[in-house]
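Participant:
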Amino acid sequence: WKIVCTLAYRGATKIVMATCEDKNLIVQNFKIKPEKIEISPNWIDIDTFKPHKSVTLKNHILFVGRFTRQKNLENLIRAVGGTDLILHLVGNGELKRHLKALAVEIEAKVEFLGSISNNQLPSLYNKYEVFVQRSYLEGNPKTLLEAMACGAPVVGTNVFGIRNLISHNKNGILTETDADSLREALLNLSISPDHQKTLGKSARETILANNTLNIYVDTELKIYKKIIV
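Here the numbering used here runs 8 ahead of the position in the sequence shown, where the first position is 1.
(1) If we count Cβ pairs, one from each stretch, closer than 8 Å, do we get three or more for the region 79-87 versus the region 101-110?
(2) Starting from the C-beta of VAL63, find all residues in its chain whose C-beta is less than 6 Å away, skip the five residues before and the five after it, and write them out in chain order.
(3) If you draw a straight line from the alpha carbon of ASP202 to that of PRO161, how long is it in whole angstroms?
(4) In whole angstroms, what is the alpha-carbon distance linking ASN127 and SER143?
(5) My guess is that VAL163 and LEU190 are in contact by the Cβ rule of under 8 Å, so how many angstroms apart are they, rounded?
(6) Can you give me the Cβ contacts of ASN219 inside the same chain, cut-off strictly under 6 Å, excluding the 5 residues immediately before and after it?
(7) So for GLY3, helix, strand or coil by DSSP?
(8) Would DSSP call LEU229 helix, strand or coil?
(9) Terminal residues of the continuous beta strand (DSSP E) containing HIS68?
(10) Taking only the alpha-carbon atoms, compute the straight-line gap between ASN134 and ILE11 and give it to the nearest angstrom.
(11) Using C-beta distances below 7 Å, list every residue in its chain close to GLY122, excluding the 5 sequence neighbours before and after it, in chain order.
(12) So which of TYR224, SER125, ILE170, LEU95 has the shortest CA-CA distance to SER198?
(13) In this structure, does DSSP put THR260 in helix, strand or coil?
(14) What are the residues that DSSP puts in a beta bridge with HIS176?
(15) Using only alpha-carbon positions, find the residue among ARG18, LEU195, LEU207 that is nearest to GLU43.
(16) Within the continuous beta strand (DSSP E) that includes TYR17, where are the two ends?
(17) Spatial neighbours of ALA87 within its chain, please: CB distance less than 7 Å, with the 5 preceding and 5 following residues excluded, ordered by chain position.
(18) How many Å lie between ALA16 and ILE23 at the Cα?
(19) Could you tell me which of LEU132, PHE139, ILE124, ILE170 sits nearest to TRP146, measuring between CA atoms?
(20) Compute the Euclidean distance between the alpha carbons of GLU228 and CYS13, then round it to the nearest angstrom.
(21) Is it the case that the Cβ atoms of PHE57 and CYS158 are separated by a distance below 8 Å?
(22) With a threshold of 6 Å on Cβ separation, who are the neighbours of ALA116 within its own chain once the five nearest residues in sequence on each side are excluded?
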């Protein structure tokens with residue numbers, strides 16, 4: 009695959025990546041000139057994904073995504089074990105049976121909600137006190153961007169693809185990948201409604217400043233103009 013990627017990158021007039029971290033990875037691993045790579049982050053429909061009502065599920069945590077090793081869901085479940093926090097998992101995947109067994113084993117309050125259509129997600133994000141993204145590695149995660157656009161307080165891991173979106177204690181919370189640091193962050197946030205509101209408001213402002221359709225289209229046009237010239 010590396011040979012194919014190398015040929016594709018070297019043959020392209022321009023390469024478009026979602027984040028600066030992705031760009032740096034290509035520059036380092038494939039010896040591509042930095043000026044050949046443009047940044048164009050994912051965009052969010054801010055008129056659909058927006059704050060629209062008060063939180064209705066107190067002490068509830070939301071995750072949306074695939075049940076795979078990359079998503080670090082074992083530590084997410086362990087983080088809520090032994091607490092009054094209730095974790096709702098939306099999605100499906102190869103680890104579902106294992107995660108259900110783990111939740112029962114450690115007596116964690118976890119509910120598996122299955123898959124949900126995209127048009128239901130805006131109202132879902134708005135119901136919860138906190139949205140979590142616990143991955144070991146990400147690109148430019150759409151669910152995290154959607155939750156932030158809805159003004160949800162977000163907690164993510166301090167890893168590639170997440171730390172470039174979340175500024176710690178400004179528009180969200182960053183923790184390490186282990187269960188203990190996440191548990192501490194979630195418990196502190198659960199008793200700080202004012203902090204939740206501040207983080208949620210800043211999260212929304214981050215999306216408005218960086219991830220709207222207008223910004224995306226403008227960026228793409230500038231890239232095309234560079235290619236034409």
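Idealized CB from N, CA, C, for every residue including glycine. On a predicted model such as this, the values are computed, not experimentally measured, just so you know.
Facilitator: Put simply:
(1) yes
(2) GLU137
(3) 11 Å
(4) 24 Å
(5) 7 Å
(6) PRO49, TRP51, ILE52, LEU153
(7) Any property of residue 3 remains undetermined from this structure, which presents the chain solely from 9 to 237.
(8) LEU229 carries a helical assignment under DSSP once its states are collapsed to helix, strand and coil.
(9) 65-72
(10) Approximately 44 Å, taken between the alpha carbons.
(11) Hits under 7 Å: ASN100.
(12) Out of TYR224, SER125, ILE170, LEU95, the CA that lies nearest to the CA of SER198 is found in LEU95.
(13) Since the displayed the chain opens at 9 and closes at 237, residue 260 lies outside it and no answer follows.
(14) The bridge partners DSSP lists for HIS176 are GLY180.
(15) ARG18
(16) From DSSP, TYR17 is part of no beta strand (DSSP E) but of the alpha helix (DSSP H) over 10-19.
(17) Hits under 7 Å: ALA187, LEU190, ARG191, LEU194.
(18) Rounded to the nearest angstrom, the two C-alpha atoms are 9 Å apart.
(19) Checking the sequence, you will find Glu at residue 146 rather than Trp. Out of LEU132, PHE139, ILE124, ILE170, ILE170 has the C-alpha closest to the C-alpha of GLU146.
(20) 22 Å
(21) Cβ distance < 8 Å, so PHE57 and CYS158 count as in contact.
(22) Excluding its 5 nearest sequence neighbours in each direction, ALA116 has C-beta neighbours in its own chain below 6 Å: ILE85, VAL88, GLY89, listed in chain order.
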